[in-house]
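Colleague:
Residue numbers (my numbering): 488 to 905.
#1: Does residue 579 pass the burial test, meaning 16 or more other C-beta atoms within 10 Å, or should it be called exposed?
#2: Helix, strand or coil for residue 893 per DSSP?
#3: Excluding five sequence neighbours on each side, which residues of the same chain lie with their C-beta closer than 6 Å to the C-beta of residue 627?
#4: In this structure, does DSSP put residue 646 in helix, strand or coil?
#5: Look at the Cβ atom of residue 640, then the Cβ atom of residue 510, and state whether they are nearer than 8 Å.
#6: Measure the alpha-carbon distance for residue 861 versus residue 748 and round it to whole angstroms.
#7: Given a cut-off of 8 Å, decide if residue 829 and residue 894 are closer than it, judged by their beta-carbon atoms.
#8: Given residue 738, which residues of its chain have a CB within under 6 Å of its CB, disregarding the five upstream and five downstream residues?
#9: Report all residues from its chain with a CB closer than 8 Å to the CB of residue 696; omit the five preceding and five following residues, and keep chain order.
#10: For the beta strand (DSSP E) containing residue 637, name the first residue and the last one.
#11: With which residues is residue 499 paired in a DSSP beta bridge?
#12: In this structure, does DSSP put residue 769 in helix, strand or coil?
#13: Residue 690 by DSSP, collapsed to three states: which one?
#14: If I measure Cβ to Cβ from residue 834 and keep anything under 7 Å in the same chain, skipping five residues before and after, which residues do I get?
#15: By Cβ distance, which residues of its chain are closer than 7 Å to residue 919, with the 5 residues on each side in sequence left out?
#16: Can you name the residues that DSSP bridges to residue 758?
#17: Less than 7 Å between C-beta atoms, sequence neighbours within five positions excluded: which residues of the same chain meet that for residue 762?
#18: Would you say residue 500 and residue 526 are within 8 Å of each other, going by their C-beta atoms?
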């Protein structure tokens, strides 16, 4: 239901007001097998506020959900709401200070919030009217806020969708809490414009918004498709993403490794620095046996040393022993099309852009791997041989149950592909 890879051993926070949006999110997380820490703030703005939060606490106790509660009446005098100030600004600061303290205390991996499509449209209209500049109306599904990883899994839902979900699944929520949110935390646009849009008008507004930032949306969508297809990503495309979209894309990318990877904001920044570094062949440990492998202008997911890019040089005919292969060309390797004038040889992993001449035709190396039905795992560790001018002159032929027939020796140490 929620497009997020949860770690059963991790701690997750969820911001809940007992309104329909956040209660729907809390229910969806439980249906995913997660028992999040429920975080709520009582601003004491409406008369039944304490009763409402007592109901939320009772809900959590009945389901054995950890409960963290901030009563703003207990705040020090200097931190309480100053009369006449912007309430929404004050409330945001108070709750995110609270979330951050719980995040640190609980060692949380992410904070889930119930932002939905109406929030996205509101930010777009505010920017359109000139009230904000460079608005984040894309509202990335994952972003970094004050040192926390913030996840917004409901961006495709409208408020009305979530109310319908609650009613269909008999999820309790407070109408008073909903009124409070509308009156005190939502802008005039939300109350007077977005809430009254027809389905056709809403769809037209969404399309207008996407068209305005077509490049940003299309790049994120294209990268998402590449991730789902299990392919490598272009580093230049990743670096071109705004900060939040970069974080969201990396979380999506790393969710495709078998083990769970905890991507904190700090780790995401380290990954960005890794991709920007001048080292063309490198690996970034994600945890366990998982690595991000950088090979020139692409990055892909790999495991342990056996998927790390490598480059070796053989200065003259002789022997070379590495973790990936052993070779003995001391008696020559003419049987492989390699001659004395080709040295020094470079032996490295193949790149998607590599091509070589075989049987009189120029062949893309990765295309040849595909024709040979080479397992995907081997394609990133299979060696290619380049002459002193950087031209690929030999690619060992792959075939299942292939029998070596050369007199020169080349023994590959390949990862298990079973």
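Note that CB positions come from ideal geometry on N, CA and C, so glycine has one too. Model, not experiment: these values are computed from the prediction.
Modeller: Concretely, from the data shown:
#1: Residue 579 should be labelled exposed.
#2: Of the three classes helix, strand and coil, the one that applies to residue 893 here is coil, per DSSP.
#3: Taking C-beta separations shorter than 6 Å and ignoring five residues to either side along the sequence, the partners of residue 627 in its chain run 731, 732, 735, following chain order.
#4: Note: residue 646 maps to helix in three-state DSSP.
#5: Not closer than 8 Å, so no.
#6: Roughly 28 Å between the two C-alpha positions.
#7: In this structure, residue 829 does not lie closer than 8 Å to residue 894 by Cβ.
#8: Excluding positions up to five away in sequence, the list reads 629, 750.
#9: 607, 608, 611, 624, listed in sequence order.
#10: 635-638 is the span of the beta strand (DSSP E), which, as asked, contains residue 637.
#11: Residue pairing for residue 499: DSSP places it in a beta bridge opposite 597.
#12: The three-state reading of DSSP puts residue 769 in strand, counting E and B together.
#13: Looking at residue 690 - three-state DSSP - the assignment turns out to be helix.
#14: Excluding residues within five positions, the ones whose Cβ falls inside 7 Å are 799, 801, 870, 872.
#15: There is simply no residue 919 to check, as the chain begins at 488 and stops at 905 in what is shown.
#16: Residue 758 is not bridged by DSSP to any residue.
#17: Once the five neighbours on either side are set aside, the close Cβ partners of residue 762 are 722, 725, 726, 781, 786.
#18: Yes, they are a contact pair.
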